[in-house]
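Heads up, the thing below is written out as structure tokens.
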Amino acid sequence: MELTEQQTVDSIYQYTADLLLNQKKSPEQAIEELQTKGLSIEDAKIVVGNLQEQIQKAKKERAQKDMLYGGLWCIGGTIGTFANTGFIFWGAILFGGIQFIKGVVNSIK
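Residue numbering for the sequence shown follows the UniProt record's numbering, beginning at 1 and increasing consecutively.
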């Protein structure tokens, strides 16, 4: 069975993503691996560069979500505690604070 051009490109990107994310290879090592598979150095750099951009974008989006939801949990827990319901929502405050800080740290990276 012959692969179409799009299937070939998809498999190259999938292989490169595996190298960078699962095998924890550096971008330089990933480029070398792609060259051993027959890609030119220019094409390998393009593939690795595109994936690095996508990975960074996904990490930033995740960090922003962590900050949003962490802030909501923390604020909600604080409001619930001060609403004189007789309960102290320290779990929500703590969870939200930790998640918010995690988001801040990840957005700085």
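Glycine is no exception: its CB is placed at the ideal position from the N, C-alpha and C atoms.
As the structure is a computational prediction, the values presented were derived from the model and not from experiment.
Quick one: using the 10 Å Cβ neighbour count with 16 as the cut-off for buried, is residue i buried or exposed?
i: D10; result: exposed
i: L68; result: exposed
i: F100; result: buried
i: G86; result: exposed
In this structure, does DSSP put residue i in helix, strand or coil?
i: K24; result: coil
i: K102; result: helix
Could you pull the start and end residues of the alpha helix (DSSP H) that residue i belongs to?
i: T16; result: E5 to A17
Less than 8 Å between C-beta atoms, sequence neighbours within five positions excluded: which residues of the same chain meet that for residue i?
i: I93; result: W73, C74, G77, T78 and T81
Inset, instruction - Taking only runs that begin and end inside the stretch 24 to 97, name each unbroken alpha helix (DSSP H) of 4 or more residues, in chain order. - result: Runs of the alpha helix (DSSP H) inside the stretch 24 to 97: 27 to 36 and 41 to 82.
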